[in-house]
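A.B. asks: Please find one structure pasted underneath; my questions will follow.
Numbering (the working numbering), first residue to last: 207 to 578.
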């Protein structure tokens, strides 16, 4: 069990190390500082600048509906509310708007998705079914010539954010609370052994320290030149793939690949183009005319259940990882729950479905391994 932290708050400063300055690490840091900013000292370790890791190349799509059938994600409402709170904090600290567009459109790509989308629109006031005429009026650049299932849903509460600006603003909010960023990788447990509590929020790199049932999925995205004369998208599109306008309006991002087998962590343009274009061509044929400006790649951590992983490992070790493609939806909610669990010495704050026992019957009892 964790020693009773609350009895020590006025006796000494609680030193916490967070490995990883992406979604999970920064959200947890902010909530730790927000609750007990005068009793906690937080050091965040990451070798990359803020916004340059896997979180930084994510799509920035925030919405509560998962998968091709638009079913609500696990803890979707809690996740949306918590992320909205941190978006506000990021904007206040960073003095930069981070919301690129409000609303998300999801075209139906099969008879099944059309039926599912229409049912969702009937029962959820935040979702509207749009027929082809409405779509053409709202999104002049979209085409449905190759799509026999004309129609789709508009998700009112969906939004697209500038992930880099959001993370930089959230870091500024943490820094104002006293957090420090140590821009180096932790390669040896001795580097962090002096801390009272240690949080692993390093995504797929978790297995460099711990044995957990985490799967690695490579994700690549394309930055494409937007055609002159083509009206920019008023909001993002999500089919089997997604299209997101870049901030300047002269380019867009298309994604993403979900590569479970890969030989390299680096961007691979040929593979990315093939996998991404086949997802987007059915609802946006003009994509094949857009020159590729850049290819980006990152590796997501996920689990076989597609649920995140948050838990206590040993007396001073905690983990928050496996957010998969829903990092923006879940990070703030889980970061808050993890902070509450640590500071209140109460594991009941952690959602049972996301704890290690729910992912695997075997619980890790090893401390982080030292590396050569």
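Don't be surprised by glycine CBs; every beta carbon is placed ideally from N, CA and C. As the structure is a prediction and not an experimental result, all values here were calculated from the model.
Where does the unbroken beta strand (DSSP E) through residue 363 begin, and where does it stop?
C.D. replies: First-last of the beta strand (DSSP E) with residue 363: 358-367.
A.B. asks: Starting from the Cα of residue 287, find the closest Cα among 540, 505, 558, 544 and give me that residue.
C.D. replies: Here the closest residue by C-alpha is 540.
A.B. asks: What residue does the alpha helix (DSSP H) around residue 529 start on, and which one ends it?
C.D. replies: Note, residue 529: premise wrong, no alpha helix (DSSP H); not H, not E.
A.B. asks: How would you call residue 329, buried or exposed, if buried means at least 16 neighbouring beta carbons within 10 angstroms?
C.D. replies: Exposed, since its Cβ has fewer than 16 Cβ neighbours within 10 Å.
A.B. asks: Spatial neighbours of residue 505 within its chain, please: C-beta separation below 8 angstroms, excluding the five flanking residues on both sides.
C.D. replies: Taken in chain order, the residues that qualify are 260, 409, 410, 422, 423, 424, 425, 471.
A.B. asks: With a threshold of 16 other CB atoms inside 10 Å of the CB of residue 497, please say whether the residue is buried or exposed.
C.D. replies: Under this definition residue 497 is an exposed residue.
A.B. asks: Classify residue 297 as helix, strand or coil using the three-state DSSP reduction.
C.D. replies: Here residue 297 sits in helix by DSSP.
A.B. asks: Could you check where the beta strand (DSSP E) with residue 429 kicks off and where it finishes?
C.D. replies: Unbroken beta strand (DSSP E) run through residue 429: 421-431.
A.B. asks: Using only the alpha-carbon positions, how far apart do residue 488 and residue 315 sit?
C.D. replies: Each residue's Cα considered, the two are about 8 angstroms apart.
A.B. asks: Select from 308, 430, 388 the residue whose C-alpha is nearest the C-alpha of residue 456.
C.D. replies: Of 308, 430, 388, the residue nearest in Cα terms is 430.
A.B. asks: Alpha carbon to alpha carbon, how far is residue 567 from residue 418?
C.D. replies: Because residue 567 carries a pLDDT of 37, less than 50, the predicted location of this residue cannot be relied on, and the following value inherits that uncertainty. Looking at the two C-alpha atoms, the distance is approximately 11 angstroms.
A.B. asks: Under the three-state reduction of DSSP, which class applies to residue 322: helix, strand or coil?
C.D. replies: Correct three-state label for residue 322: helix.
A.B. asks: Let me know the secondary structure DSSP gives residue 207 once reduced to three states.
C.D. replies: Residue confidence is low: residue 207 scores 39 on pLDDT, short of 50, so the model does not pin down where it sits. Its coordinate-derived value is still stated next. Residue 207: coil per DSSP, three-state reduction.
A.B. asks: So is residue 295 buried or exposed if we call it buried at 16+ other beta carbons inside 10 Å?
C.D. replies: So residue 295 counts as buried.
A.B. asks: Closest by CA to residue 375, which one among 507, 400, 262?
C.D. replies: Comparing Cα positions, the closest option is 262.
A.B. asks: What are the start and end residues of each continuous alpha helix (DSSP H) run of 4 or more residues lying completely inside the region 474-542, in chain order?
C.D. replies: List check, alpha helix (DSSP H) in window: 475-486.
A.B. asks: Excluding the 5 residues flanking residue 492 on each side, which residues of the same chain have their C-beta closer than 8 angstroms to its C-beta?
C.D. replies: Excluding sequence neighbours, residue 492 sits near 347, 349, 433, 436.
A.B. asks: In the DSSP assignment, find the unbroken beta strand (DSSP E) run with residue 312 in it and report its ends.
C.D. replies: It spans 305-313 - the beta strand (DSSP E) in which residue 312 sits, taken as one unbroken run.
A.B. asks: Helix, strand or coil for residue 461, going by three-state DSSP, please let me know.
C.D. replies: Strand at residue 461.
A.B. asks: Where does residue 555 sit, in a helix, a strand or coil, going by DSSP?
C.D. replies: Residue 555: helix per DSSP, three-state reduction.
A.B. asks: Exposed or buried, what is residue 514 when buried is set at 16 or more other beta-carbons lying within 10 Å of its beta-carbon?
C.D. replies: Residue 514 should be labelled buried.
A.B. asks: Determine the closest residue to residue 469 out of 404, 344, 443, 503, with distance taken between C-alpha atoms.
C.D. replies: When each option's Cα is compared against that of residue 469, the closest is 503.
A.B. asks: Quick check: the Cα distance between residue 256 and residue 317, rounded to an integer number of angstroms?
C.D. replies: C-alpha separation (whole angstroms): 42 angstroms.
A.B. asks: Is the CB-CB distance between residue 265 and residue 462 below 8 angstroms?
C.D. replies: Result yes, Cβ atoms of residue 265 and residue 462 sit closer than 8 angstroms.
A.B. asks: Count the other C-beta atoms from every protein chain shown that fall within 10 angstroms of the C-beta of residue 380, then say buried if there are 16 or more, exposed otherwise.
C.D. replies: Buried, by the Cβ-count rule.
A.B. asks: When the Cα atoms are used, what is the spatial distance from residue 479 to residue 279?
C.D. replies: Their Cα atoms are separated by approximately 28 angstroms.
A.B. asks: By the 10 Å Cβ neighbour count, where 16 or more other Cβ atoms means buried, how is residue 393 classified, buried or exposed?
C.D. replies: Counting Cβ neighbours within 10 Å, residue 393 comes out exposed, since fewer than 16 surround it.
A.B. asks: Quick one: residues in its chain with C-beta nearer than 6 angstroms to the C-beta of residue 558, no 5 flanking neighbours on either side, listed in chain order?
C.D. replies: Contacts found: none.
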